[in-house]
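**Student:** Take 356 as the starting number for the sequence shown in the numbering used here and just add one per residue.
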Amino acid sequence: MTTLETLLNDPDTAGVWNLVPDRSAFTFSTRTMWGLWNVKGRFGEVSGDAQITGKGAVFGRIDIQAASLRTGIRRRDDHLRSADFFDVERFPEISVAVTAVEPGPGNAAELGARVAIRGATHELPLPVTVVTLDDGSVRVSTKTKLQRARFGLDWNKFGVVGKTTTVAAEAVFERAP
């Protein structure tokens, strides 16, 4: 297994890496009904790429089609796509732009990222684990909590929706040809 430091500083890994959507997962979970249960969902349409400089730096972008969210209940999905939540007609994409990487112990790191949801953009640190897979691809995993209101996702009739949403990603990248 390649260490993160090796991956970031190896001239042979420098270049463009493309997101592999069918090997990646972008999910969310929000406590509802005053914390009695979680609503879990997934975004199905994603694209992105990353650039490794070979000198310890990484830059990248992931674009998520907000309308591709699925929770398993069509009526709830339609409500989440409405102006009460993601407002996909006005804000069709959720984007994550990686601007920096700070390696930690082992394969851990913290990414500096600009996250844009519903027209609101905020800098967020994203704790990640980076693993080189047997086929040479790289999996970047993260899980963090977002304050919904920070991104204009503050609809909350009768206080039934939690203030935070847990977001997780398992993003697999392959070296561009």
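C-beta atoms are modelled at their ideal positions from N, C-alpha and C, and glycine is treated no differently.
Quick test of your reading: T487 and V493, contact by CB under 8 Å. State the CB separation rounded to the nearest angstrom.
**Tutor:** Going by Cβ atoms, the distance from T487 to V493 rounds to 6 Å, so yes, they are a contact pair.
**Student:** Give every residue of the same chain whose Cβ lies closer than 8 Å to the Cβ of H434, excluding the five residues on either side of it in the sequence, and list them in chain order.
**Tutor:** Around H434: F440.
**Student:** Output the distance between the C-alpha atoms of F383 and T499, rounded to the nearest integer angstrom.
**Tutor:** About 10 Å.
**Student:** Along the chain, which unbroken stretches of the beta strand (DSSP E) at least 3 residues long are found entirely within the stretch 402–471?
**Tutor:** With a minimum length of 3 residues, the continuous beta strand (DSSP E) runs that stay inside the stretch 402–471 are 413–420 and 448–458.
**Student:** Going by DSSP, name the residue or residues bridged to E529.
**Tutor:** N373.
**Student:** Going by other Cβ atoms of all chains shown within 10 Å of its Cβ, with 16 needed for buried, is T385 buried or exposed?
**Tutor:** Buried, since its Cβ has 16 or more Cβ neighbours within 10 Å.
**Student:** What do you reckon, are the CB atoms on G459 and E465 nearer than 9 Å?
**Tutor:** Closer than 9 Å, so yes.
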